[in-house]
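For reference, the structure discussed in these notes is given below.
2 protein chains.
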Amino acid sequence: MTMAPDVNRKLSRAELDVQRAELRARLLDAQFALREARVPLIIIVSGVDGAGKGELVHRLNEWLDPRGVDTHAFMAKSPEELERPRYWRYWRALPAKGRVAILFGSWYTGPILQRVYGETGKKRFRRTLERIASHERMLCDDGFVILKFWLHLSRKAQRKRLRDMEDNPLSHWRVLPQDWEHHSLYDDFIKTSKLALTTTDPQDAPWRVIPATSRAKCESNVLLQLVERMEEAVKIRKYVTAPRITEGKRVKIPSSLAQVNLDSTIEDGDYRKAVTTQQARLNRLVWAAHQKKISSVLVLEGWDAAGKGSAIRRVTAAIDPRLYRTVPIAAPKNEELEHHYLWRFWRELPRAGMMTIFDRSWYGRVLVERVEGFASTEEWQRAYDEINDFEAQLLGHDMLIGKFWLHISKEEQLARFKKREEIAYKRHKITEEDWRNRKRWNAYEKSVDEMVFRTSTADAPWNLIAGNNKKFARVQILKTLCSIFEKAL
Amino acid sequence: MTMAPDVNRKLSRAELDVQRAELRARLLDAQFALREARVPLIIIVSGVDGAGKGELVHRLNEWLDPRGVDTHAFMAKSPEELERPRYWRYWRALPAKGRVAILFGSWYTGPILQRVYGETGKKRFRRTLERIASHERMLCDDGFVILKFWLHLSRKAQRKRLRDMEDNPLSHWRVLPQDWEHHSLYDDFIKTSKLALTTTDPQDAPWRVIPATSRAKCESNVLLQLVERMEEAVKIRKYVTAPRITEGKRVKIPSSLAQVNLDSTIEDGDYRKAVTTQQARLNRLVWAAHQKKISSVLVLEGWDAAGKGSAIRRVTAAIDPRLYRTVPIAAPKNEELEHHYLWRFWRELPRAGMMTIFDRSWYGRVLVERVEGFASTEEWQRAYDEINDFEAQLLGHDMLIGKFWLHISKEEQLARFKKREEIAYKRHKITEEDWRNRKRWNAYEKSVDEMVFRTSTADAPWNLIAGNNKKFARVQILKTLCSIFEKAL
Chain A
1 MTMAPDVNRK LSRAELDVQR AELRARLLDA QFALREARVP LIIIVSGVDG
51 AGKGELVHRL NEWLDPRGVD THAFMAKSPE ELERPRYWRY WRALPAKGRV
101 AILFGSWYTG PILQRVYGET GKKRFRRTLE RIASHERMLC DDGFVILKFW
151 LHLSRKAQRK RLRDMEDNPL SHWRVLPQDW EHHSLYDDFI KTSKLALTTT
201 DPQDAPWRVI PATSRAKCES NVLLQLVERM EEAVKIRKYV TAPRITEGKR
251 VKIPSSLAQV NLDSTIEDGD YRKAVTTQQA RLNRLVWAAH QKKISSVLVL
301 EGWDAAGKGS AIRRVTAAID PRLYRTVPIA APKNEELEHH YLWRFWRELP
351 RAGMMTIFDR SWYGRVLVER VEGFASTEEW QRAYDEINDF EAQLLGHDML
401 IGKFWLHISK EEQLARFKKR EEIAYKRHKI TEEDWRNRKR WNAYEKSVDE
451 MVFRTSTADA PWNLIAGNNK KFARVQILKT LCSIFEKAL
Chain B
1 MTMAPDVNRK LSRAELDVQR AELRARLLDA QFALREARVP LIIIVSGVDG
51 AGKGELVHRL NEWLDPRGVD THAFMAKSPE ELERPRYWRY WRALPAKGRV
101 AILFGSWYTG PILQRVYGET GKKRFRRTLE RIASHERMLC DDGFVILKFW
151 LHLSRKAQRK RLRDMEDNPL SHWRVLPQDW EHHSLYDDFI KTSKLALTTT
201 DPQDAPWRVI PATSRAKCES NVLLQLVERM EEAVKIRKYV TAPRITEGKR
251 VKIPSSLAQV NLDSTIEDGD YRKAVTTQQA RLNRLVWAAH QKKISSVLVL
301 EGWDAAGKGS AIRRVTAAID PRLYRTVPIA APKNEELEHH YLWRFWRELP
351 RAGMMTIFDR SWYGRVLVER VEGFASTEEW QRAYDEINDF EAQLLGHDML
401 IGKFWLHISK EEQLARFKKR EEIAYKRHKI TEEDWRNRKR WNAYEKSVDE
451 MVFRTSTADA PWNLIAGNNK KFARVQILKT LCSIFEKAL
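Sequences listed follow chains A and B, in order.
Under our numbering, the first residue of the first sequence is numbered 1, with each subsequent residue one higher.
Under our numbering, the first residue of the second sequence is numbered 1, with each subsequent residue one higher.
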């Protein structure tokens with residue numbers, strides 16, 4: 001935590017003006033340099049009521065080039081926000097590469113107030129702070145620059161500030177009843193905030209506590225610190241940190257794929273009966289989940305030509321089309337490339353009582369991106385933790401997660417590729433890329449094994465499906481899915 | 001309206017299979033060709049309950065390459081949808097260029113059911129149908145291909161279909177109580193649907209009524225018509241139609257800009273008092289609007305260096321940051337280029353009780369895009385109607401619209417350009433482009449006059465603000481804005 005020095009002590013008004021003009025010019029240069037370097041910047045404005053947070057936000061908007069800035073103020077959660085995990089709205093507010101997001105109110109505001117008002121206990125508050133720290137760490141790891149300003153006023157100064165504002169008929173409206181209520185809880189508020197600030201104060205994104213008694217000094221202070229950090233960020237452009245899993249190479253990873261019995265099969269007659277029975281069962285369960293507002297996320301991964309598409313159709317045929325959405329995932333493009341790799345998946349999270357089916361998913365990070373080298377070693381290695389953390393947030397919001405790997409043998413894949421090339425309307429499904437991927441079978445196999453090993457958690461385990469017999473696979477997927485729903489209902 | 005011929009009458013089962021396989025291959029080719037040609041395709045699936053709409057949607061998903069298809073099913077409106085004008089959710093579902101959207105339920109479903117249940121009168125139903133027609137016309141004008149399928153069953157066939165489904169324990173769940181209720185209203189439903197179909201049946205997007213008694217024939221029928229229309233669309237690629245305003249060249253357009261008294265000014269002392277008074281007034285009004293859930297949209301347009309940015313800051317300084325969002329509009333990019341030009345503005349419409357401030361706006365279509373030739377003559381000429389229609393929908397949703405043109409003289413602009421080049425932190429605001437635009441002053445002037453003439457409507461008139469004196473302009477904007485709110489509250 002940096003306590004700002006009391007700058008500008010002996011400068012005259014005129015000198016101050018010159019200094020500020022220079023700083024503003026530097027600030028704009030730094031903003032343009034960050035845009036050029038595609039570094040996303042987050043500025044968090046927090047602090048004591050009456051300290052002038054709103055004015056500071058206005059000022060930041062004036063100083064920066066507004067074409068590169070989005071300001072997000074967070075109020076009580078909207079219905080659409082309530083239907084998603086807590087961080088959904090913060091993911092929506094994350095700046096794209098090279099852009100600036102000013103957060104007025106942030107992931108700190110709610111937890112601190114809830115603790116002050118005794119709505120959360122000590123333990124839960126600690127856990128919330130850990131979640132914040134891990135969220136910020138993930139962003140810093142991805143190259144985000146985060147500046148956190150805390151505007152401070154003493155109890156006495158706060159009372160004076162609120163009174164002055166109330167006495168002036170033109171700013172009277174700025175003081176809300178809740179401001180006085182918070183004032184009466186000043187000591188609790190400071191104690192809780194101190195705990196929050198000290199536990200979320202890493203080197204990458206330290207808190208900057210700014211004395212706010214003098215508005216002008218407060219602004220100069222923020223301006224100076226902002227400029228310096230931005231200039232530093234352009235110079236360093238530290239995109240990657242050490243990988244989280246240092247034991248990665250030492251642990252012996254078991255081969256889960258080898259355990260799958262690819263000879264599993266089902267008779268045609270049994271198949272027809274089983275599919276309709278399971279579909280009817282699934283239909284009832286999905287409606288029941290809808291009524292209870294339980295959301296679900298399905299992840300379908302598997303080898304090329306393993307039958308993901310036709311398996312998904314057997315699932316969706318059983319579900320009212322208004323209750324689910326299928327999201328096919330290909331290489332990221334346009335807006336997606338401008339954001340953190342998890343961003344596009346957060347966007348697609350289902351509303352309360354709905355289902356999203358991902359045809360391929362965030363696991364691309366540790367599969368194709370790893371094998372093809374689109375992600376650096378550090379990036380895919382830390383992705384296991386990031387993914388587990390992401391899924392933990394969904395589970396914490398009482399979402400159901402079903403993860404399926406559709407497994408086939410290398411020989412079966414070859415046979416299917418050849419067959420596809422013979423049927424006119426399936427020919428488009430076989431591309432050069434599929435043949436190329438096939439050559440890296442062993443590398444993919446290793447990645448799948450490590451993925452299963454590192455991301456099979458108690459509430460979101462991987463289901464490995466024997467897919468050499470398509471019909472067997474479809475019935476397995478339907479059955480497994482039904483039991484996931486049944487367990488939760 | 002096309003009544004499908006009773007195809008495949010005399011083909012054997014085997015012949016049919018061959019024919020279907022051929023059609024599927026052709027369909028995929030057509031889809032890829034449309035993607036190549038960047039033509040967006042909308043497939044609407046409507047019709048009688050029990051006719052197999054859901055199955056058809058599943059089938060379409062199977063036939064088409066799913067990586068280019070989004071299926072949208074519309075249920076009761078979500079809270080976020082309720083807070084926006086009616087078509088907001090359909091804009092969100094519009095396909096990007098080269099993509100396919102399958103709409104299961106569409107802008108037809110609600111209006112037809114409401115009419116059948118007597119919730120809307122004849123007149124309002126007519127108006128709704130006109131709105132639908134104008135929405136589809138706008139899309140066709142922009143190069144969209146729309147296919148509208150209506151699956152038909154006779155009353156008797158419907159009863160049989162529903163009974164058969166109920167009797168089969170495996171499809172029993174597909175029949176909902178509302179299906180029987182609709183069945184009892186069959187005649188009303190058909191009568192109302194007929195009216196809807198005949199009044200929204202233009203050459204560009206005709207209805208295709210498909211007999212659905214035999215599922216196989218129905219599917220072949222749809223497949224055939226789909227393929228043929230898609231192939232035709234690739235050939236024609238008709239992007240523009242005749243402009244709507246044919247009298248465009250004949251009408252004498254009055255010069256509104258010439259009427260603005262650019263000598264208007266305000267004393268410094270009066271200015272300070274006026275700004276704070278108006279800001280306090282605006283603050284109260286915006287809070288009051290928030291409480292009444294009245295949303296508002298502000299449009300700021302004007303010459304380069306007219307002072308839009310600083311005027312916006314005077315407005316936002318008065319408003320709680322949680323109640324507004326500023327959206328700066330530049331040339332469209334990425335995802336925006338893939339859509340209709342109005343798409344990105346629909347996305348930004350405020351929630352209930354909130355305000356969106358557009359720093360430049362959809363009027364770019366008839367200003368910069370017209371002058372620089374980014375839009376064809378047909379495109380900008382029909383844009384007046386499209387924009388009026390868009391704003392009418394906002395007004396119909398009880399939103400407030402404030403449109404401001406900030407006017408300055410050519411000399412004043414020159415003086416400001418020069419001054420900006422002298423101040424380090426303002427230098428970035430002057431670019432080559434500004435100097436280039438300045439050379440086309442007369443062309444822009446003509447465009448502004450025509451814009452004011454054609455899009456000043458009773459509830460959303462243009463406010464021309466004298467901007468040579470910045471302070472006068474700011475006070476004017478604040479006052480006008482306040483009176484817009486006051487009138488509505």
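Cβ coordinates follow ideal geometry from the N, Cα and C atoms, glycine included.
### Query
Can you find a C-beta in chain B that's less than 7 Å from the C-beta of MET165(A)?
Output row for MET165(A): interface = no.
(request) Output the distance between the C-alpha atoms of LEU298(B) and ILE401(B), rounded to the nearest integer angstrom. (result) Cα to Cα, the separation comes out at about 6 Å.
Q.
Counting only Cβ pairs nearer than 7 Å, list the residues of chain A close to MET75(B).
A. Those are ARG322, listed as they occur along chain A.
Item checked: With 16 other Cβ atoms within 10 Å as the buried cut-off, status of PRO177(A) -> Counting other Cβ atoms within 10 Å of its Cβ, PRO177(A) stays below 16 and is therefore classed as exposed.
Exercise for review: Drop a sphere of 10 angstroms on the beta-carbon of HIS172(B), count the other beta-carbons inside from all chains shown, and report buried for 16 or more, exposed for fewer.
Suggested key: The residue in question, HIS172(B), is exposed, as its Cβ has fewer than 16 Cβ neighbours within 10 Å.
Taking 7 Å as the CB-CB cut-off, is ARG364(A) touching chain B?
According to the sequence provided, residue 364(A) is Gly. The question's Arg does not apply to it. Residue contact check for GLY364(A) against chain B: no CB pair falls below 7 Å.
Under the three-state DSSP convention, the category VAL260(A) falls into:
Reduced to three states, the DSSP call for VAL260(A) is coil.
Check this for me: beta carbons of ALA424(B) and ALA331(A), under 7 Å apart or not?
No. Outside cutoff.
*Answer yes or no: do PHE472(B) and ILE266(B) have a C-beta to C-beta separation smaller than 7 Å?*
Yes, the pair counts as a contact, with Cβ atoms nearer than the cut-off.
- Message: Quick check on the burial criterion: 16 or more other C-beta atoms within 10 angstroms. Buried or exposed for VAL18(A)?
- Response: In summary, VAL18(A) is exposed, with fewer than 16 beta-carbon neighbours lying within 10 Å of its beta-carbon over all protein chains present.
Report task. Along the alpha helix (DSSP H) that carries LYS446(A), what are the first and last residues, could you check? Result -> If you look at LYS446(A), you'll find it in the alpha helix (DSSP H) that goes 441–455.
Requested in this report: With DSSP as the reference, label PHE358(A) as helix, strand or coil.
Outcome: Strand at PHE358(A).
PRO202(A) burial status per 10 Å Cβ neighbour count (16 or more: buried): Burial is judged here by how many other beta carbons sit within 10 angstroms of a residue's own beta carbon; PRO202(A) has fewer than 16 and is exposed.
task: List the DSSP bridge partners of TRP303(B).
output: Bridge partners of TRP303(B): none, in fact.
Notebook entry, point to check: At least one CB of chain B closer than 7 Å to the CB of PRO243(A): is that the case?
Noted result: Unreliable placement is indicated for PRO243(A), whose pLDDT of 47 sits below 50; no coordinate value is reported for it.
Threshold first: 3 residues or longer. Then list the beta strand (DSSP E) segments lying entirely within the stretch 64–92 of chain A, N to C. Taking only runs of at least 3 residues, the beta strand (DSSP E) segments lying wholly in the stretch 64–92 of chain A are 69–73.
Residue span of the beta strand (DSSP E) that contains THR326(A), given as start and end: Residue range 324–328 is occupied by the beta strand (DSSP E) that includes THR326(A).
Comparing C-alpha positions only, which one of ARG351(B), GLY54(B), TRP405(B), HIS72(B) sits nearest to ALA289(B)?
Out of ARG351(B), GLY54(B), TRP405(B), HIS72(B), ARG351(B) has the C-alpha closest to the C-alpha of ALA289(B).
I need the boundaries of the beta strand (DSSP E) containing ARG208(B), first residue and last residue.
Bounds of the beta strand (DSSP E) holding ARG208(B) are 207–211.
The stretch 36–49 of chain A contacting the stretch 86–96 of chain A, beta-carbon criterion three pairs below 8 Å:
Enough Cβ pairs lie closer than 8 Å, so yes.
*Going by C-alpha distance, which of ALA196(A), LYS148(A), ASP179(A) is nearest PRO206(A)?*
Out of ALA196(A), LYS148(A), ASP179(A), LYS148(A) has the C-alpha closest to the C-alpha of PRO206(A).
**Asked** So HIS152(B) is in the beta strand (DSSP E); what residue range does that whole segment cover?
**Response** HIS152(B) -> beta strand (DSSP E) spans 145–152.
Check whether the Cβ of VAL57(A) lies closer than 7 Å to any Cβ atom in chain B.
Chain B contact via Cβ: present.
**Message:** Helix, strand or coil for ASN61(B)? Go by DSSP, reduced to three states.
**Reply:** Looking at ASN61(B) - three-state DSSP - the assignment turns out to be helix.
Counting C-beta neighbours from all protein chains within 10 Å, is the total for ASP359(B) 16 or more, i.e. buried, or is it exposed? ASP359(B) is buried by the Cβ-count criterion.
### Under the three-state DSSP convention, the category GLY52(A) falls into
Under the three-state reduction of DSSP output, GLY52(A) falls in the coil class, being neither helix nor strand.
Alpha-carbon to alpha-carbon, THR457(B) and ASP389(B)
The alpha-carbon atoms of ASP389(B) and THR457(B) are separated by roughly 11 Å.
**Residues that DSSP places opposite LEU489(A) in a beta bridge** = Looking at the DSSP assignment, LEU489(A) forms no beta bridge with any residue, so it has no partner.
Three-state secondary structure (DSSP) of ALA289(B) = Here DSSP, grouped into helix, strand and coil, assigns ALA289(B) to helix.
Does VAL475(A) come out as helix, strand or coil in the three-state DSSP assignment? VAL475(A): helix per DSSP, three-state reduction.
At what residues does the beta strand (DSSP E) containing HIS407(A) begin and finish?
Annotation for HIS407(A): the continuous beta strand (DSSP E) segment containing it runs 400–407.
**Item:** chain B contact residues for PRO79(A), given Cβ-Cβ distances below 8 Å
**Value:** What PRO79(A) touches in chain B: SER78, PRO79, GLU80.
Nearest by alpha-carbon distance to ALA318(B): which of GLN225(A), VAL57(A), VAL371(A), LEU367(A) is it? Comparing Cα positions, the closest option is VAL57(A).
(Q) Output needed for ASN283(B): all residues of its chain with C-beta closer than 6 Å, excluding positions within five of it in sequence on either side, in chain order. (A) Here ASN283(B) has ALA318 as same chain residues with Cβ atoms under 6 Å from its own Cβ, once five neighbours each way along the sequence are excluded.
inquiry  = By the DSSP assignment, the alpha helix (DSSP H) with ILE430(A) in it spans what residues?
reply    = For ILE430(A), no alpha helix (DSSP H) run applies, since DSSP gives it neither H nor E.
Against TYR425(B), what residues of chain A qualify as contacts under a CB-to-CB distance less than 7 Å, listed in chain order?
Residues of chain A passing the Cβ test: ALA21, ARG24, ALA25, LEU28.
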